[in-house]
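Chains as they are written, first to last, in my numbering: chain A, 15 to 582; chain B, 72 to 394; chain C, 167 to 455.
Pasting the structure below:
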């Protein structure tokens, strides 16, 4: 049934942009509505969706994953910075040949040393890239000559090609080598990136817009659009209104309540893709004020299970997303071939939750509606980013449902950077978080494994650690045979679901609105923005903004100082 | 007159020092000391951390920290904004002109409108017009700024979409406009927030001004004028209004805090990139240095406003001017 | 002495009588009484529990109907019940915060006015500094530093930032009254300072204080709503008027009932308070001339 649903969605996606024979043409300015600013504009450090979108267009990988999102071997992968690669016979290394035509946006050639530099940077704990957990199978990168980069692997795995290319867009060594990696995050250059992609960076005016424009001399050919602009709205409502009023062309977070409005306006369209995001309420296993101590409430597995049991997750998902999301299964999404859609869940049972809390000696002795144990109330903070209407909504629902079980929750709203900060410093009780998954289910190593917990830069912020779960994930990723892989992942998911390190809330079905003047290319399910270079706007549908000229039409700037900010 | 102005200036300086002391106390009374919390923040690099340490001297005794703080302030240093990754001074310097623009348009607008309404009311005092206008201004006076702003936004960007949704300029196209186009773009964005603030502020002006006019109306010289055969309108225009100038100046001085408060909410609702907007975002971003910086600058603004009004008053009032 | 005290016995009573001569203030008083009653009797009047989410799927975001005259919010809570409880909380906060600021303001102003001289001018300079800080910004600075404050603390801070104006009025009145005939007379008759303060000055302060208090309550109600709207006032799931508007603020167009009804209630309350304050001031002015 679930598989059918995914297929239906894929079919829906396939329709996009293929209404009739694709007309030829180019030009236009794409304006995307989005809520909030990106955090930083270099691939190893960005943790916002805007940052990912922009860096994906400004930077290139060695090879790009195909629309089928196959991750086994190199099937489907298309050349990018590397126009040709060869596997060594024992499969323990792959040699990537760099396209000689590839140039950085400042005019310097892209070379093998850039690839090696990128790998070393991602691995360096001084930089603290959260993606370091995804490249642990890569032992080293060597550069036999200036146009060949050889990746050496620790072990043969089905997805070692994917591991080599997907997590790491290539960064220019000559721009970054003089800056200590610990200072990248604060560097001005991280706000004005120099990449090699088909779009180059123009300006970032905080709280207003980020602008990219076509790189006319790009080795892959100039993109069809002249420019792509992210219009940064201060809040969700402004972002939607700007889209609905025609001020912008594209908005990725439509909610069910907008559907009638979009239907009423003849020039607006809706597109859905397969879900690759899930949200969850994550418990902190460690005391936020002293991380050497366990958390005074959430260290107890039975208590976490009771808290899960007290929530009617189906109703919560329906309330917040209507039909635009499904209840999440666990730290995964249904789109993975390795995910069993019938994973057993902790069922909603308020009565049982109450009984368990009673038996754990959390009892409401003073009759104020809140349980206590040893004089300490069952009370904690629940942090949510205020920019996400879905998550703030879920917070209020959780608060009330937990109140029914005698648990007091204080909801704390903050803006997204402050929220990211809170989770990264692990100074929370419970957060409503969300992960955008990669095409590989191996991402759980970054987000839920012991490695992700122990590494200071790992993304397992709640510090859930279970070696059995880790072992099953590792064996699953090492297995070459799909049924075995799936069985092993299922076992791993069952363990983590029963341990309840988080309450799995919703798996989103991304719903995008776009202006009919946009000629879209297929939307890749993990990243709808991947094919933006192929989008364009027909001449007769253009607005004044579509015809603005390039900022530097002649040639690319020559010196490295273009890394400084251009905007006033 | 000079002595009076000098006295007021000295007073103002003392007040600024006091405001600084209050904000220093706030910073240090706050739980978890927002500045030292920033020290543990992993997204802050060593260079900034060192700068913060040098700037505030966290490890030093409190009096020394206070002395440093005052020293920084007197040089115009307001600290480091974490959410903008720039000095607070620069963030506020960018935002201040927008707030001043909004406030000054609203100031001129609300006084013009308010005085006009008051004149109409006084000219027809006791009539139905007077009562209706009085009721309307009472209604506007009682309306929370943010609520009216929400209604205005809803009405003119959603139901009747003739104004842009928010911001000071078109976020996308402003860079590509001609000079004339840019000016028009700014005006288009300014109009609705400025109008909203104007309407809200004119209510209290109208009520105050009506009372002031009625106060001077029975005065002897107006009776004389009436005896001279001047019409009611001429009396209002020539005598009463002139004698109500001083209350107008007083009112201008008093209106700054309300205008600033209104601006905070209106900037929030219309995403107008001024100081109020910066402060509201800073709250959500837990960017305490920016919040405190905005409070200090806001207080200075209000004070300068009332100082100017006082000087104007002194200049307009012969009793003080000729002293 | 007796006769002096007698004629000044109840300025408040006199003022009240004069207020009630005006129709507009009678109406205002009636409406205000009704709102206060609604607030006090909220648990009896409200049709639903204001925090309850009876059915988050079927009953959310319902437009006004007979069952839910003010509609429901995105969490299926009944907006009418929340507005009623909002009246309770907003008025409660308004009254208590004003009580705090009146106490402080009267004490401070009376001390300064009565002491006079250097003490008075120092106290007044301090007051000027406080008055120079816009109240909203001061509150924002405080509330941003202490996130997740309880309602009690919110009341305290609203009160602590609201006494500056009152104390200036009180000081002015005390200064004026200090040299008034009846005080001079009382002093000549050998009354102690304290007695003069309590028996003679304070009763004469009552009218201006009541006016200031009425406006003060209106201010606090608007401020609290504004702070809640900004997300630093009353926390979820408590209902205050500002909070309800905030809950609907990102869908104002579709959930118009969530902004309209609490907003109207607020305007009505503040308007009646303003009308009363104005007519009291008028009555007081007339009685003192």
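Just so you know, even glycine gets a beta-carbon here, dropped at the ideal spot from N, CA and C.
Our two residues, residue 67 of chain A and residue 543 of chain A, have alpha carbons roughly 6 Å apart in a direct line. Comparing C-alpha distances from residue 418 of chain A to each of A:366, A:89, A:534, A:91 shows the shortest one belongs to A:366. A residue is called buried when at least 16 other Cβ atoms come within 10 angstroms of its Cβ; residue 342 of chain C does not meet this threshold and is exposed.
Closest option to residue 174 of chain A, judged by alpha-carbon separation, among A:492, A:82, A:560, A:446: A:492. Listed along chain B, the residues sitting closer than 7 Å to residue 388 of chain C by beta-carbon distance are 215. Scanning A:117, A:54, A:305, A:210 for the CA closest to the CA of residue 154 of chain B turns up A:54. Counting only residues of its own chain and dropping the five nearest sequence neighbours on each side, residue 384 of chain A has a CB closer than 8 Å to the CB of 378, 391, 392, 393, 420, 421, 422.
The Cβ neighbour count for residue 302 of chain C, taken over all protein chains shown within 10 Å, is at least 16; the residue is labelled buried. Not a single CB atom of chain B sits nearer than 7 Å to the CB of residue 443 of chain A. Contact between the stretch 232 to 240 of chain A and the stretch 295 to 309 of chain A is absent: fewer than three C-beta pairs spanning the two stretches fall below 8 Å. Residue 345 of chain C counts as exposed, since fewer than 16 other beta carbons sit within 10 angstroms of its beta carbon.
Counting the other Cβ atoms within 10 Å of the Cβ of residue 42 of chain A gives 16 or more, which makes it buried. Between the beta-carbon of residue 433 of chain C and that of residue 214 of chain B there is about 5 Å, and that keeps the pair under the 8 Å contact cut. Note on geometry: alpha-carbon atoms of residue 446 of chain A and residue 357 of chain B lie some 18 Å from one another.
Per DSSP, residue 550 of chain A lies in no alpha helix (DSSP H) and is assigned neither H nor E.
Restricting attention to A:440, A:560, A:261, A:206, the CA atom closest to the CA of residue 306 of chain A is found in A:440. About 15 Å separates the beta carbon of residue 96 of chain A from that of residue 90 of chain A, a gap too long to meet the 8 Å contact definition. Remark: fewer than three beta-carbon pairs, one from each stretch, lie closer than 8 Å, so the stretch 203 to 218 of chain C and the stretch 322 to 341 of chain A are not flagged as touching. Identification of chain B residues near residue 240 of chain A by a Cβ-Cβ cut-off of 7 Å yields none; the smallest Cβ-Cβ distance measures about 11 Å. In the DSSP assignment, residue 283 of chain C falls within the unbroken alpha helix (DSSP H) covering 283 to 298. Each residue's CA atom was taken as its position, placing residue 208 of chain B and residue 325 of chain C some 27 Å apart.
Excluding the 5 residues flanking it on each side, residue 245 of chain B has same chain C-beta neighbours closer than 7 Å at 253, 256, in chain order. Between the C-alpha atoms of residue 228 of chain C and residue 222 of chain C there is a straight-line separation of about 11 Å. Boundaries for residue 50 of chain A: no beta strand (DSSP E) harbours it, and the DSSP string shows neither H nor E there.
With respect to the 7 Å criterion, residue 351 of chain B and residue 220 of chain B are not classified as neighbours on the basis of their beta carbons. A direct Cα-Cα distance of roughly 42 Å separates residue 398 of chain A from residue 323 of chain B. The contact set of residue 425 of chain C on chain B, defined by CB atoms closer than 9 Å, consists of 218, 221, 222, 225 in chain order. Close partners of residue 351 of chain B in chain C (Cβ separation under 7 Å): 396. Between the alpha carbons of residue 216 of chain A and residue 380 of chain B lies a distance of about 46 Å. A distance below 7 Å between beta-carbons, with the five flanking residues on each side excluded, links residue 386 of chain C to the following residues of its chain, in chain order: 259, 260, 263, 264, 324, 328. The three-state secondary structure of residue 201 of chain B, taken from DSSP, is helix. A direct Cα-to-Cα measurement between residue 179 of chain B and residue 413 of chain A gives close to 48 Å.
When the five nearest sequence neighbours on each side are left out, the beta carbons in the same chain lying within less than 8 Å of the beta carbon of residue 315 of chain A are those of 513, 514, in order along the chain.
In this structure residue 134 of chain B is exposed. Its beta-carbon is surrounded by fewer than 16 other beta-carbon atoms within 10 angstroms. Per DSSP, residue 427 of chain A lies in no alpha helix (DSSP H); the unbroken beta strand (DSSP E) holding it starts and ends at 422 to 428. For residue 332 of chain A, the closest Cβ of chain C is nearer than 7 Å.
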